[in-house]
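To keep things clear, I will list the structure first and then write my remarks on it.
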């Protein structure tokens, strides 16, 4: 399989990146300071992530917003231009094909999809919305995340301070949304290939900004309790199983004005009413050592009741944190153990997120 290099690959190498393959791309995993330092810097100041491997789609055509409602569990009525929402692309069995971000613009929609889903998502959307045209944009995507992100970006474009969380607007430097995948305040900037490196270098000239690799991006999103497609959920995972019912517009839920009407809606509505056999949950380990993806979860009778889908030691709290797929029948207060190298280690359920989110809302 051919591995694609990012346009900013030389810049990442200049800053001492260690590279690895991810979803067909050669990605910077970490830089000279290491994962933990990068993670903590993002929580304290501003981290710059090159996420140009993500797919940026543009949907256009007559009745574009109404057509997209047939493909996604969204409701564009009353959705103002420039607002962004998280959504899910589903198969007919109600399984999650991908999770994505949708931004409503005047006569089009922008959709950001996972790198691994670029082609399959395009094909699925074209099949569900044959009257629309979908283009994969040739653009870079930078994410500036952390408590200093606003002050840094406002030096380049002061108007970004007006954006609230999950809102987007086009400025001279590109389409900017106040969003991200870290739990911190921050921005994602869709920028032309020509302007990508100049913008990255300008941001890096600020002493508050450091480049952050894919490794710290993963620990940051896990602390924020955000699932990763392909690891915490996949095409065999339903909305209710993934604990993502909140991503379905109220009008598309049971007894709503536009109830159902999207692929897999029957499965979603049934599980929303009756529950699912398993659910994605948060866990904390009683010992400060990592419990990784794929680790079996056992009850007190040593019956397997789940599996860890993501796990690490939180750089912020120094505790073992996990997302896990757990049988809905397992009582919340019942003993639970992770089987690590043949030894049961106690874990317990905990509300998400593991670290408070710090989004800027109105």
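Numbering (the numbering used here), first residue to last: 241 to 602.
Built from N, CA and C at the ideal position, the CB exists for glycine as well.
Task: Cβ neighbours of residue 592 in the same chain (closer than 7 Å, five flanking residues each side left out) - done: Locating residue 592 in the chain shown gives position 352, counting from the first residue. If we look at residue 592 and ignore the five residues flanking it on each side, its Cβ neighbours are 465, 522.
Open item on the list: Tell me which residue opens and which closes the beta strand (DSSP E) that residue 378 is part of.
Closed with: By 1-based counting over the chain shown, the position of residue 378 is 138. No beta strand (DSSP E) contains residue 378, which DSSP labels as neither H nor E.
Open item on the list: Rounded to the nearest angstrom, what separates residue 527 and residue 254 at their Cα positions?
Closed with: Within the chain shown, residue 527 is the residue found at index 287, counting from 1. Within the chain shown, residue 254 is the residue found at index 14, counting from 1. Rounded to whole angstroms, residue 527 to residue 254 spans 38 Å at the Cα level.
Open item on the list: Please report the distance separating the alpha-carbon of residue 319 from that of residue 426.
Closed with: Looking up residue 319 in the chain shown gives position 79. Looking up residue 426 in the chain shown gives position 186. Approximately 22 Å between the Cα atoms of the pair.
Open item on the list: By the three-class DSSP mapping on this structure, what secondary structure does residue 544 have?
Closed with: The residue labelled residue 544 in the question sits at position 304 within the chain shown. In this structure, residue 544 counts as strand in the three-state DSSP scheme.
Task: Beta-carbon contacts of residue 538 that lie in its chain and below 7 Å, excluding the five residues immediately before and after - done: Residue numbering aside, residue 538 sits at position 298 when the chain shown is read from its first letter. Around residue 538: 544, 545, 577, 579, 584.
Open item on the list: Taking only three categories from DSSP, how would you classify residue 279?
Closed with: Position 39 of the chain shown, counted from the first residue, corresponds to residue 279. Helix.
Task: Assigned exposure category for residue 243 - 16 Cβ within 10 Å defines buried - done: Along the chain shown, read from residue 1 onward, the residue named residue 243 stands at position 3. Classification for residue 243: exposed.
Open item on the list: Mapping the DSSP letters down to three states, classify residue 371 as helix, strand or coil.
Closed with: Translated into positions along the chain shown, residue 371 becomes position 131. It is coil, neither helix nor strand.
Open item on the list: According to DSSP, is residue 525 part of a helix, a strand, or is it coil?
Closed with: By one-based count along the chain shown, residue 525 stands at place 285. DSSP places residue 525 in strand when its eight states are reduced to three.
TODO: With residue 438 as the anchor, note down where its beta strand (DSSP E) starts and where it stops.
DONE: What you label residue 438 is simply residue 198 of the chain shown in a count that begins at 1. Per DSSP, residue 438 belongs to no beta strand (DSSP E); it is in the alpha helix (DSSP H), 433-444.
Open item on the list: Taking the beta carbon of residue 450 as the centre, do at least 16 other beta carbons fall within 10 Å, making it buried, or is it exposed?
Closed with: Position 210 of the chain shown, counting from 1, holds the residue named residue 450. Flag for residue 450 reads buried.
- [ ] On a CA-only basis, which of 588, 551, 473 is nearest residue 335? Give me that one, please.
- [x] On the chain shown, residue 335 is found 95 positions in, with the first residue counted as 1. When only C-alpha atoms are compared, the closest one is 473.
TODO: Could you work out which residue in 533, 597, 444 is closest to residue 396 when comparing CA atoms only?
DONE: Looking up residue 396 in the chain shown gives position 156. Comparing Cα positions, the closest option is 444.
Open item on the list: Nearest by alpha-carbon distance to residue 355: which of 290, 276, 346, 560 is it?
Closed with: As a position in the chain shown, residue 355 is number 115, starting the count at 1. Minimum Cα distance to residue 355 is reached at 290.
Task: Residue from 508, 385, 484 whose Cα sits closest to the Cα of residue 417 - done: Mapped onto the chain shown, residue 417 falls at position 177. Selected option, being the one with the closest Cα: 385.
Open item on the list: I'd like the list of long-range same chain contacts for residue 258, defined as Cβ closer than 8 Å, with 5 residues on each side in sequence excluded.
Closed with: Residue 258 sits at position 18 when you count from the first residue of the chain shown. Closer than 8 Å at Cβ, skipping near neighbours: 268, 269, 270, 271, 453.
Task: Residue burial classification, residue 456 (beta-carbon count within 10 angstroms, cutoff 16) - done: Your numbering for residue 456 matches position 216 in the chain shown. Buried: at least 16 other Cβ atoms inside 10 Å.
TODO: Sort 288, 524, 414, 481 by Cα distance to residue 517 and report the nearest one.
DONE: On the chain shown, residue 517 is found 277 positions in, with the first residue counted as 1. The candidate whose alpha carbon is nearest that of residue 517 is 481.
- [ ] Answer with buried or exposed for residue 390, where buried requires no fewer than 16 other C-beta atoms within 10 angstroms of its C-beta.
- [x] As a first step, residue 390 is located in the chain shown; it is residue number 150 there, counting from the start. Looking at its Cβ environment, which holds 16 or more other Cβ atoms inside 10 Å, residue 390 is buried.
- [ ] Measure the beta-carbon distance from residue 408 to residue 343 and round it to whole angstroms, keeping in mind my assumption that it falls under 8 Å.
- [x] In the chain shown, counting from the first residue as 1, residue 408 sits at position 168. In the chain shown, counting from the first residue as 1, residue 343 sits at position 103. About 5 Å; that satisfies the 8 Å criterion.
Open item on the list: At the level of alpha carbons, what is the spacing between residue 463 and residue 313?
Closed with: One-based indexing of the chain shown puts residue 463 at position 223. One-based indexing of the chain shown puts residue 313 at position 73. Between residue 463 and residue 313, the C-alpha separation is close to 27 Å.
Task: residue 361 beta carbon less than 9 Å from that of residue 489 - done: Within the chain shown, numbered from 1, the residue matching residue 489 stands at position 249. Within the chain shown, numbered from 1, the residue matching residue 361 stands at position 121. Against a cut-off of 9 Å, the Cβ pair of residue 361 and residue 489 comes out as no contact.
- [ ] Report the option in 410, 297, 329, 555 whose CA atom is closest to the CA atom of residue 352.
- [x] If you number the chain shown from 1, residue 352 lands on position 112. Looking at the Cα atoms, 297 is the closest of the given residues.
Open item on the list: The beta strand (DSSP E) that contains residue 343, what's its start and end?
Closed with: Position 103 of the chain shown, counting from 1, holds the residue named residue 343. Looking at the DSSP string, the run of the beta strand (DSSP E) that includes residue 343 is 336-344.
TODO: Have a look at the DSSP bridge pairing and note the partners of residue 558.
DONE: On the chain shown, residue 558 is found 318 positions in, with the first residue counted as 1. Answer is none; residue 558 lacks a bridge partner.
Task: Length of the line joining the Cα atoms of residue 559 and residue 277 - done: Walking along the chain shown from the start, residue 559 turns up at place 319. Walking along the chain shown from the start, residue 277 turns up at place 37. Taking the straight line joining both Cα atoms gives about 16 Å.
Open item on the list: Cutting at 7 Å between CB atoms, please list the residues of its own chain near residue 555, excluding the five before and the five after it.
Closed with: In the chain shown, residue 555 corresponds to position 315, counting from 1. Cβ within range, chain order: 276, 279, 280, 459.
Open item on the list: Nearest by alpha-carbon distance to residue 551: which of 540, 596, 471 is it?
Closed with: Translated into the one-based positions of the chain shown, residue 551 becomes position 311. Minimum Cα-Cα distance from residue 551 among the listed residues 540, 596, 471 corresponds to 471.
TODO: Assign residue 338 to one of two classes, buried (16 or more other C-beta atoms within 10 Å of its C-beta) or exposed (fewer than that).
DONE: The residue labelled residue 338 in the question sits at position 98 within the chain shown. With 16 or more Cβ atoms within 10 Å of its Cβ, residue 338 is classed as buried.
Open item on the list: I need the straight-line Cα distance from residue 509 to residue 330, nearest angstrom please.
Closed with: Within the chain shown, residue 509 is the residue found at index 269, counting from 1. Within the chain shown, residue 330 is the residue found at index 90, counting from 1. Going from the Cα of residue 509 to the Cα of residue 330 covers about 13 Å.
Open item on the list: Between 461, 429, 599, which has its C-alpha nearest residue 380's C-alpha?
Closed with: Mapped onto the chain shown, residue 380 falls at position 140. Among 461, 429, 599, the Cα nearest to that of residue 380 belongs to 429.
Task: residue 348 - containing beta strand (DSSP E), residue span - done: As a position in the chain shown, residue 348 is number 108, starting the count at 1. Counting along the chain, the beta strand (DSSP E) containing residue 348 begins and ends at 348-353.
Task: Where residue 605 sits in the DSSP three-state scheme - done: Residue coverage of the chain in this structure runs from 241 to 602, which leaves residue 605 outside it and unanswerable.
Task: Per-residue DSSP class, three states only, for residue 252 - done: As a working note, residue 252 is residue 12 in the chain shown. Residue 252 falls in the helix class under three-state DSSP.
Task: Where the beta strand (DSSP E) through residue 511 begins and ends - done: On the chain shown, position 271 is the one that residue 511 refers to. Here residue 511 belongs to no beta strand (DSSP E); instead the alpha helix (DSSP H) covers 505-514.
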